[in-house]
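Asker:
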Amino acid sequence: MPNTVFITGATAGFGAACARKFAAAGWSLVLTGRRAERLEALKAELSAQCAVHTIQLDVRDRAAVLAAVAALPEPFSRVHTLVNNAGLAQGLNPAQTSDLDDWDRMIDTNVKGLTYCTRALLPTLIEVGGGTVVNLASVAARWPYPGGNVYGATKAFVRQFSYNLRCDLAGTGVRVTSIEPGMAESEFSLVRFHGDEKKAASIYKGAHPLTPEDIAETIFWVASLPKHVNINSLEVMPTTQAWQALGITRDAE
Ligand code: NDP
Ligand code: 8X3
Numbered sequence: 074m075p076n077t078v079f080i081t082g083a084t085a086g087f088g089a090a091c092a093r094k095f096a097a098a099g100w101s102l103v104l105t106g107r108r109a110e111r112l113e114a115l116k117a118e119l120s121a122q123c124a125v126h127t128i129q130l131d132v133r134d135r136a137a138v139l140a141a142v143a144a145l146p147e148p149f150s151r152v153h154t155l156v157n158n159a160g161l162a163q164g165l166n167p168a169q170t171s172d173l174d175d176w177d178r179m180i181d182t183n184v185k186g187l188t189y190c191t192r193a194l195l196p197t198l199i200e201v202g203g204g205t206v207v208n209l210a211s212v213a214a215r216w217p218y219p220g221g222n223v224y225g226a227t228k229a230f231v232r233q234f235s236y237n238l239r240c241d242l243a244g245t246g247v248r249v250t251s252i253e254p255g256m257a258e259s260e261f262s263l264v265r266f267h268g269d270e271k272k273a274a275s276i277y278k279g280a281h282p283l284t285p286e287d288i289a290e291t292i293f294w295v296a297s298l299p300k301h302v303n304i305n306s307l308e309v310m311p312t313t314q315a316w317q318a319l320g321i322t323r324d325a326e
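Residue numbers (the numbering used here): 74 to 326.
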């Protein structure tokens, strides 16, 4: 029986690229996200390659996450690998002028949503055995940048949560990896700037960013390693990026 991967945020960017990558390798897919029409389109695209089950799911809704996992039909209920990918940045203002609703959305999604999905699926992952929890953190988890305030802090949570999970899961055979990408072109900036296409495009102009496929390759690799190998964390940047975002303030002339 093929392994089953449960991917959150499969409707765009890294999540959709992961769905395609795991499908090409014949894994069974549980694809989740809020945009049902995108899930259905992906299912139609990939069903010839593998078994696909879709769930319209907002990871911020704790009851919905628990119910969706409890209601997984056979054979999709035997989840082997969880890709905790759903997440977002909102705004790039300095903390002193940031919007609290933006901060709430990031904390609710990147921190709370990720913990709900993890807790809901851990008993299954342990029972099935040999699989991986792949958590999408970010280079922003370690490296501060102006306007990164709460986004980076949520990703630092993801990174540390991943490490602590490894301690709790020791002896179960379940692996945990924190993937920490740098700049990658997806819908990420469009979401960060609340749909402002011009602003979003300006982030990537001439930057040679990573692609979602680059990150999907990395995720697939860590999930496919021999069972005795655990990648704890992995930072991946475009060659053109080297912490230039770290600004300094200068004395006035
Ligand atoms: P995209 O905006 O392209 O995709 C984000 C995905 O998350 C979408 O499928 C979206 O689906 C889903 N999502 C957002 N909120 C929710 C929610 N409340 N419930 C369920 N799904 C949700 O971004 P990326 O693919 O670039 O980002 C994926 C992950 O990687 C994020 O965690 C991000 O923080 C992280 N990351 C991104 C980097 C980048 O430069 N792009 C770099 C480092 C990390 P829907 O709207 O349909 O619900
Ligand atoms: C996304 C990368 O540098 O925009 O996590 O924060 S960055």
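Yeah, the Cβ is synthetic: ideal placement off N, Cα and C, and Gly gets one too.
For A330, I'd like the list of residues in its chain whose CB is within less than 7 Å of its CB, leaving aside the five on either flank, ordered along the chain.
Answerer: As shown, the chain starts at 74 and ends at 326. That puts residue 330 outside it, with no answer to give.
Asker: Just grab the DSSP bridge partners of G106 for me.
Answerer: Answer by DSSP bridge pairing, in chain order: Q129.
Asker: Since L283 and A315 should fall inside the 8 Å C-beta cutoff, what is the C-beta to C-beta distance between them, to a whole number of angstroms?
Answerer: Not a contact, Cβ separation roughly 14 Å.
Asker: Could you tell me whether the region 264 to 273 touches the region 286 to 301, using the rule of 3 or more Cβ pairs below 8 Å?
Answerer: Result no; under three Cβ-Cβ pairs closer than 8 Å.
Asker: Report all residues from its chain with a CB closer than 6 Å to the CB of E304; omit the five preceding and five following residues, and keep chain order.
Answerer: According to the sequence displayed, residue 304 carries Ile and not Glu. Excluding positions up to five away in sequence, the list reads T250 and V295.
Asker: Looking only at DSSP bridge pairs, what is L283 linked to?
Answerer: DSSP, once it has assigned bridges, lists A257 as partnering L283.
Asker: Note down, in chain order, each residue of its chain lying with its Cβ closer than 7 Å to the Cβ of F149, except the 5 sequence neighbours on either side.
Answerer: For F149, where only same-chain residues beyond five positions count, the Cβ hits under 7 Å are T77, S101, V103 and H126.
Asker: Are A193 and V142 touching if we call contact CB-CB under 7 Å?
Answerer: Contact flag set, yes.
Asker: Go ahead and label P285 buried or exposed: buried means 16 or more other beta carbons lie within 10 angstroms of its beta carbon, across all protein chains shown.
Answerer: By the neighbour-count rule (16 or more Cβ atoms within 10 Å), P285 is buried.
Asker: Between which two residues does the beta strand (DSSP E) carrying N157 extend?
Answerer: Run containing N157: V152 to N157, per the beta strand (DSSP E) assignment.
Asker: With DSSP collapsed to three states, give me the class of E147.
Answerer: Residue state, collapsed to three classes: coil.
Asker: Using only CA atoms, which one of G244, I252 and P219 lies nearest to S235?
Answerer: Among G244, I252 and P219, the Cα nearest to that of S235 belongs to I252.
Asker: How is the beta strand (DSSP E) around V206 delimited, first residue to last?
Answerer: Counting along the chain, the beta strand (DSSP E) containing V206 begins and ends at T205 to L209.
Asker: Should M66 be labelled buried (16 or more other beta-carbon atoms within 10 Å of its own) or exposed?
Answerer: Outside the displayed range of the chain (74 to 326) lies residue 66, so it cannot be described from this structure.
Asker: Compute the distance between the beta-carbons of Y189 and R135, then report whether it is under 7 Å.
Answerer: Yes, the Cβ-Cβ distance between Y189 and R135 is below 7 Å.
Asker: Which of the three DSSP states is assigned to F266 in this structure?
Answerer: If DSSP states are grouped into helix, strand and coil, F266 belongs with coil.
Asker: Please classify C91 as buried or exposed, where buried requires at least 16 other C-beta atoms within 10 Å of its C-beta.
Answerer: Per the 10 Å Cβ criterion, buried.
Asker: Are I80 and V156 close, meaning C-beta to C-beta below 7 Å?
Answerer: It is a contact, given that the beta carbons lie within the stated cut-off.
Asker: Does the Cβ of L161 lie closer than 6 Å to at least one heavy atom of the ligand NDP?
Answerer: Yes, the ligand NDP has a heavy atom inside 6 Å of this Cβ.
Asker: Per DSSP, F87 is paired with what?
Answerer: For F87, which the question treats as bridged, DSSP gives no partner whatsoever.
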